[in-house]
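Working notes, structure below.
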Amino acid sequence: MSAWLDISIFALVQVMMLVGLFGLLIPVFPGLLIMWIAAIGYGFATGFEVVGVVIMVLITLLAVLASVIDNVFMGAGARKMGASWSTIALAFIAGILGTLVFPPLGGFIAAPLAVLLLEYYRKRDIKLAWQALIGLVTGLGLSFVARFAAGVMIMVLWWFWVWTG
1 MSAWLDISIF
11 ALVQVMMLVG
21 LFGLLIPVFP
31 GLLIMWIAAI
41 GYGFATGFEV
51 VGVVIMVLIT
61 LLAVLASVID
71 NVFMGAGARK
81 MGASWSTIAL
91 AFIAGILGTL
101 VFPPLGGFIA
111 APLAVLLLEY
121 YRKRDIKLAW
131 QALIGLVTGL
141 GLSFVARFAA
151 GVMIMVLWWF
161 WVWTG
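Listed below in structure tokens is the structure:
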């Protein structure tokens with residue numbers, strides 16, 4: 001390939017990686033998916049050699065693991081502080097709908113509000129409902145750290161792939 005094409009591919013993938021990484025600041029933005037698509041696109045554009053295949057497998061595992069951890073941490077935080085499984089499920093749905101109706105921050109408001117209201121309705125105690133909300137927000141913070149760390153590791157793996165290729 002020509003040097004200009006190599007630079008163009010690198011620049012495009014780097015921009016997509018950064019969009020994905022900074023998109024992780026928004027809880028429902030598919031930043032990890034964007035980073036994964038950028039990496040696989042890089043592989044198709046430059047060819048998959050042994051190192052590329054191994055790195056792509058690691059990137060895939062990181063993205064899947066971080067996505068699972070993301071949902072587990074949020075639900076576990078709320079559950080630990082007393083929220084019911086049905087409240088957690090409904091808050092998850094409210095978060096998705098809130099994001100669709102009022103992007104990008106609608107879900108950020110809808111999910112916690114759903115936890116607070118549903119737990120208050122279920123327990124008739126604002127203090128217990130507030131505790132469940134605090135658990136959700138704590139889990140959200142932990143899930144952000146895990147997601148962002150995975151995003152940084154994905155980018156570092158991709159840079160290693162570029163460097164070794």
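All the letters of the sequence shown, read from the start, carry residue numbers 1 to 165 under this note's numbering.
Ideal Cβ placement from N, Cα and C applies to all residues, glycine included.
Item: Rounded to whole angstroms, what's the CA-CA distance from G107 to A91? Just pull it up for me.; Value: 9 Å
Item: Is the beta carbon of M74 sitting closer than 8 Å to the one on G151?; Value: no
Item: Using a Cβ-Cβ distance under 8 Å, would D125 count as near chain E?; Value: Going by chain labels, chain E is absent from the structure shown, which holds only one protein chain.
Item: Who are the Cβ neighbours of G43 in its own chain at under 7 Å, not counting the five residues just before and after it?; Value: G52, M56
Item: Put I69 into one of helix, strand or coil per three-state DSSP.; Value: helix
Item: For I93, count neighbouring C-beta atoms within 10 Å of its own C-beta (all shown protein chains included) and say buried if the count is 16 or more, exposed if not.; Value: exposed
Item: Got a sec? Which residues, its chain only, sit under 7 Å from S67 by beta carbon, not counting five neighbours each side?; Value: L32
Item: For the candidate residues A38, L128, A3, I9, whose alpha-carbon lies nearest to that of G20?; Value: A38
Item: Helix, strand or coil for A83? Go by DSSP, reduced to three states.; Value: coil
Item: Sort I69, W158, A146 by Cα distance to L25 and report the nearest one.; Value: A146
Item: Are the CB atoms of M17 and W161 within a distance shorter than 8 Å?; Value: no
Item: Between A110 and L97, how many whole angstroms is the CB-CB distance? I'm expecting something under 8 Å.; Value: 7 Å
Item: Please identify the residue among Y121, G41, I88, L136 whose C-alpha is closest to the C-alpha of G59.; Value: Residue 59 is actually Ile in this sequence, not Gly. Answer by Cα proximity: G41.
Item: Between which two residues does the alpha helix (DSSP H) harbouring P112 extend?; Value: 106-123
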